[in-house]
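Residue numbers (our numbering): 1277 to 1460.
Note sheet for the following structure.
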């Protein structure tokens, strides 16, 4: 029988689809979970929580070995919804929520991260990258979502990566979209 939290995630994904909440795809969620299983990061930073679908997916893997996720959400409505979903999945000791603008919060975070997942406003991807990359540990993994579908909104990010000579891979995760993966 499936874990009740896995069933909760299925229902959360359906809720997101019905209410136009742009959650990551099921394929992308599995990809993130697999990366976490393999890499076993101790501290994860996520930019953009939404209803916590991706956060909970990552959190279920992190809970197995005591890792912690810092997740940032700008919308109060989404933050409140995520809070409820995180409580309902009993992941409050694994997931630390932050409310506000990631560009204000990230510079004040005291931790370094083994894993960063950026799924925030696409036109701000370069700024999110600039703020989070210094906090990414050596051999840490950074994943930036929606880089094929929304490439035009992220041109300055691509230019910044090229300018800094940062090696990255664009990985097509879904039929029409993918992620950038950077290993520092």
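Even glycine gets a Cβ: it sits at the ideal position worked out from N, Cα and C.
Bear in mind that the values here come from a model prediction, so they are computed numbers and not experimental data.
Take every Cβ of the region 1419-1430, pair it with every Cβ of the region 1449-1458, and state whether three or more of those distances are shorter than 8 Å.
yes
Need the endpoints of the alpha helix (DSSP H) that residue 1282 sits in, please.
1280-1294
Taking only three categories from DSSP, how would you classify residue 1350?
coil
Top-ranked residue by Cα proximity to residue 1338, from 1315, 1327, 1325, 1363:
1315
Residue 1392 (DSSP reduced to helix, strand or coil):
strand
If you follow the alpha helix (DSSP H) that residue 1435 is in, where does it begin and where does it stop?
1431-1439
Output the distance between the C-alpha atoms of residue 1368 and residue 1362, rounded to the nearest integer angstrom.
6 Å
Close-in-space but distant-in-sequence residues of the same chain around residue 1444 (CB under 8 Å, 5 per side omitted):
1437, 1456, 1457, 1458
If you draw a straight line from the C-alpha of residue 1330 to the C-alpha of residue 1431, how long is it?
25 Å
Please classify residue 1420: does DSSP put it in a helix, a strand, or coil?
strand
In whole angstroms, give me the CA-to-CA distance for residue 1288 and residue 1327.
8 Å
Cα separation between residue 1449 and residue 1399?
21 Å
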